[in-house]
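Counting in the numbering used here, the sequence shown runs from 79 upward without gaps.
All C-beta atoms, glycine included, are put in the ideal place defined by N, C-alpha and C.
Data first, discussion second: the structure below is written as structure tokens.
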Amino acid sequence: MERVLAASAVITDPTGRVLLVLRGTEPEQGCWSVPGGSAEPGETLPETAAREAFEETRLHVAIGAELWTVTIPTSDGRTFEVRDFAATVTGGTLIAGDDAVDVRWFSPSELDEVPLTSDLRGYLTRAGIITPA
């Protein structure tokens, strides 16, 4: 089984909203998630999180502390080991890019209104990003 290192950016704003992208590819195509993707050779995982955030949202972000790690198996036998990092916007213009179909800010109460990737609400809650529903 091939292990693929990846990273994501958990981008929040001062009002408590979380920036999510609508996934255009598998795994979990059609669900909302934090922006992220596979690490490139020689890239640190915080660098991966920042690059992927920019590619999918066109926003520049400052990467903070690592929040959690999630393992995502795929149907083709690979396993993604994804490290998720806290992030804040430092510049850019919000627009969906790369494999993101859409991108938008969500208040915690809006998260129940859309399909999220597996246990995203739980991860956000356990990390203290949002309060329990």
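Rounded to whole angstroms, the separation of the alpha carbons of L83 and S153 is 17 Å. Look at P151 here: in three-state DSSP terms it is strand.
DSSP places R204 within a helical segment (H, G or I) once states are collapsed to three. Taken in chain order, the complete beta strand (DSSP E) segments of 3 residues or longer contained in the segment 121-184 are 137-151, 157-170, 178-184. For the pair L202 and V99, the CB atoms are not nearer than the 8 Å cut-off. The three-state reading of DSSP puts R199 in helix, counting H, G and I together. Your pair A85 and T149 does not check out as a contact, with CB atoms roughly 13 Å apart and the cut at 8 Å.
Between T171 and R136, the beta carbon gap of about 6 Å places them in contact (Cβ cut-off 8 Å). Taking a 10 Å sphere around the C-beta of S187, we find fewer than 16 other C-beta atoms and assign the residue as exposed. In this structure, E159 sits away from R101, with a CB-CB distance that is not shorter than 8 Å. For F163 and A143, the gap between their C-alpha atoms comes out near 6 Å.
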